[in-house]
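Under the working numbering, read the sequence shown as residues 21 to 182, first letter to last.
Only one structure is covered here, and it is reproduced in the block below.
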Amino acid sequence: MVGSNNEYSDVSTTLDTDIRKDIHCTEKLLKDGERFYYTTDLETRRVLLRDMLNTIYEMINLKYDKMIRADALITSSTFDDHRQQLMFIFTCLDHCHQLEELTDDFVKWIMSRLIRSRLSIAVDAKFGGFLQEKILHLAGLVKDKGKFLCYMVLQLAGSFIS
């Protein structure tokens with residue numbers, strides 16, 4: 021039965037679970053980020069770096085897969101929480117990158133999630149410019165920029181050539 025109470029309940033339960041997970045990840049990243057910032061011991065910083073990157077992976081996977089598109093459908097959503105959270109994530113990424121270069125695959129994976137989110141008309145209308153800034157920021161972290169840019173140009177040109 022379409023639209024049954026069970027379906028709405030399942031969606032609500034999933035959304036509640038996602039929100040709780042998002043809050044947990046944000047709190048964990050705040051705690052780990054603060055420890056990372058103030059710790060001078062290199063080995064402790066490397067452990068915190070791995071923890072932070074794992075948490076960022078969880079957050080990006082959660083937020084920029086389905087949550088952001090759901091939020092975009094809420095007409096009153098201003099996306100301020102998304103902006104603040106993404107700015108903090110990028111601050112953490114920059115600090116991690118200074119200690120140890122991020123892998124190109126990880127950086128490109130984050131870019132793909134942000135680009136995928138921009139494909140939603142509602143997300144792009146409310147948040148697209150900010151996401152574009154962050155995508156360009158990530159492009160600066162890619163080690164092999166020449167190869168990456170050639171790949172991007174070929175991907176973009178492929179749609180015109182085909």
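Even for Gly, the Cβ is constructed at its ideal location relative to N, Cα and C.
What you are looking at is a predicted structure, and each value in this text was computed from that prediction instead of being measured.
Proximity of residue i and residue j at Cβ, strictly below 8 Å
i	j	result
Leu174	Glu120	no
Thr75	Lys48	yes
Leu73	Cys116	yes
Ile130	Ile80	yes
Ala142	Leu82	no
Distance between residue j and residue i (C-alpha atoms, nearest Å)
i	j	result
Leu151	Ile43	21 Å
Tyr58	Asp144	36 Å
Phe147	Lys154	11 Å
Gly149	Leu158	14 Å
Arg65	Asp52	10 Å
Glu63	Asp71	13 Å
Ile88	Lys128	19 Å
Leu169	Ser132	14 Å
Met172	Ser137	18 Å
Lys167	Gln104	32 Å
Leu35	Tyr84	14 Å
Closest by C-alpha distance to residue i, when choosing among the options
i	options	result
Ile109	Glu54, Asp38 and Leu62	Glu54
Leu106	Asp125, Lys165 and Tyr77	Tyr77
Asp164	Ile80, Gly149, Arg66 and Asp125	Asp125
Asp91	Asp38, Tyr171 and Glu63	Asp38
Lys86	Ser140, Cys112, Gln104 and Tyr171	Ser140
Gln118	Arg103, Tyr84, Leu156 and Phe56	Phe56
Simplified DSSP state of residue i, which is helix, strand or coil
i	result
Thr123	coil
Val143	helix
Ile39	helix
Ile94	coil
Val162	coil
Thr64	helix
Tyr28	Residue confidence for Tyr28 is low, a pLDDT of 47 falling below 50, so the modelled location carries little weight; the figure read from the coordinates is stated next. Looking at Tyr28 - three-state DSSP - the assignment turns out to be helix.
Thr59	coil
Phe99	coil
Residue burial classification, residue i (beta-carbon count within 10 angstroms, cutoff 16)
i	result
Leu161	buried
Leu113	buried
Phe50	Reading off the sequence, residue 50 comes out as Leu, not Phe. Under this definition Leu50 is an exposed residue.
Leu156	exposed
The ligand SAH heavy atom lying under 7 Å from the CB of residue i
i	result
Cys45	Looking at this structure, you won't find the ligand SAH or any other ligand, since it has none at all.
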